[in-house]
Amino acid sequence: MVSRNPSAPTPQQPHAGLLAAPPWQHAQAVALLPQVLRLTAPNPGLMTGPGTNSYLVGGAATGWIVIDPGPDEAAHIERLWQFAGGDIRLIVCTHSHPDHAPAARPLQALCAQRGGTAPPPVLGLPSAATAKASSHFEPDRALADGERLTLQTADGRVHHTLQVLHTPGHAANHLCLLLPAEGLLFSGDHILNGSTTIVNPPDGNMTAYLGALDALDAACVTHALRYILPAHGHVMDEARAVIAHLKAHRLAREAKVRVAMQARPQGTLDDWVALAYDDVPESVWPLAKRSLLAHVERLQALPGGTA
Ligand SMILES: [Zn+2]
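If you're matching positions, the sequence shown starts at 44 in my numbering and goes up one per residue.
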């Protein structure tokens, strides 16, 4: 007889609870599923939306994996420890931006200080040479593309398996995590809900970003992933449609960038942003110029370039 995770989704029984969108708060973890909690850090803002979503995957019998512990906020770190019942087995950072990874070492230290279980390793990818100093990061161990992270009960039975997918583009050291048993994709900052991912060269790269979107779409097919759990914003349904829409949006923007560069061949980013982002408020242009630069670099590298 084939054993099956009783909580795994079936086409007839989607995880409707995942799509509930309660008002944002930071004091309580939201149980998206019994084995998936979301705790939002108290760092709302222009770049972070309602705040960074830290996710806890696991359970009392297996301990928990923390995905994106967030900024170094003592109250948030304490809550992560509390909602995990003091049993954190792994800490994984999707990438090392300041709103995602700085809590990793303090959380690890808190686990060591409180005792009970061995301090969890901090896992992820080391920051590249292109990363800003504020995003410098060295995990205890670098995660391999395709690697599986498991949680087991004391008798050795595996109950939860996350799979790692390298997804450079937003950051060179970005990775996503898949929970195929539940059809979930933890997308970090590669895919957001309610805001647009910034691709900021040199650590950000538009060609890598688009390539990783294709890899994520392929993973959705292979693993029947349905829901996207972003680092900022609520859960999204119909993962493949979200990814297709996002890619189309990027390519449509790129087409406008190409037209702008053709219209003003000697132009600067300031000239091009006014043309290529004429549909967004001028207040957004300073940020938009970072992704604009990523498009410009990509167009200049393509065969045929901006011609
Ligand atoms: Zn980021």
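For glycine and all other residues, C-beta sits at the position ideal for the given N, C-alpha and C.
Cβ atoms of residue j and residue i: under 7 Å apart, would you say?
i    : j    : result
D257 : A174 : no
L166 : L153 : no
R200 : P163 : no
D111 : P145 : no
T91  : D142 : yes
A282 : G212 : no
L268 : L228 : yes
H266 : L221 : yes
L61  : Y270 : yes
G101 : L194 : yes
Please tell me whether, using a cut-off of 6 Å, the distance from the CB of residue i to the nearest non-hydrogen atom of ligand 1 is below it.
i    : result
D111 : no
H140 : yes
D183 : no
D280 : no
D130 : no
D322 : no
D232 : yes
On a CA-only basis, which of the options is nearest residue i? Give me that one, please.
i    : options                   : result
A72  : L192, H202, S97 and P87   : S97
C136 : K290, D183, R341 and G237 : D183
H202 : W124, H213, V278 and A224 : A224
Q78  : L218, A104, Q156 and I134 : A104
H275 : S238, A298, P66 and V300  : S238
W107 : D142, Q151 and G231       : Q151
S170 : L89, Q125, T204 and L218  : L218
Y252 : A84, T240 and G128        : T240
G113 : G128, P87, D130 and G129  : P87
D130 : G159, D280 and F180       : G159
L235 : T196, L192, D280 and T204 : D280
P329 : L259, R81, A127 and N243  : N243
Please classify residue i: is it buried, with 16 or more other beta-carbons within 10 angstroms of its beta-carbon, or exposed?
i    : result
V327 : exposed
M44  : The pLDDT assigned to M44 is 37, lower than 50, so where the model puts this residue is not dependable, and the model offers no usable value.
D188 : exposed
V207 : buried
H233 : buried
T210 : buried
E297 : buried
R301 : buried
K332 : buried
D198 : exposed
A319 : buried
H292 : exposed
S46  : Here S46 scores only 42 on pLDDT, less than 50, and its place in the model is too uncertain to base an answer on.
S177 : exposed
P93  : buried
A161 : exposed
V264 : exposed
T95  : buried
R341 : buried
G226 : buried
G347 : exposed
A215 : buried
R122 : buried
H140 : buried
H58  : buried
N48  : The predicted position of N48 is uncertain, since its pLDDT is 47 and thus under 50; a value taken from the coordinates is nonetheless stated next. When all chains shown are included, N48 counts as exposed.
T344 : A quick correction: the sequence has Ala, not Thr, at residue 344. A344 should be labelled exposed.
A262 : buried
A63  : exposed
R157 : exposed
A117 : exposed
L89  : exposed
Cβ-heavy atom distance between residue i and ligand 3 below 6 Å?
i    : result
L289 : Summarising the ligand content, the structure contains ligand 1 and does not contain ligand 3.
Would the stretch 65–84 and the stretch 284–293 be scored as touching if the rule is three or more Cβ pairs under 8 Å?
By the C-beta criterion, the stretch 65–84 is judged not to be in contact with the stretch 284–293, since fewer than 3 inter-stretch pairs fall below 8 Å.
Q | Any 3 or more C-beta pairs closer than 8 Å across the stretch 235–254 and the stretch 326–345 | A | Contact between the stretch 235–254 and the stretch 326–345 is present: three or more C-beta pairs spanning the two stretches fall below 8 Å.
When you compare the stretch 258–275 with the stretch 299–315, are there three or more beta-carbon pairs, one atom per stretch, that lie closer than 8 Å?
With a cut-off of 8 Å, the stretch 299–315 and the stretch 258–275 do not count as touching, because too few Cβ pairs lie within range.
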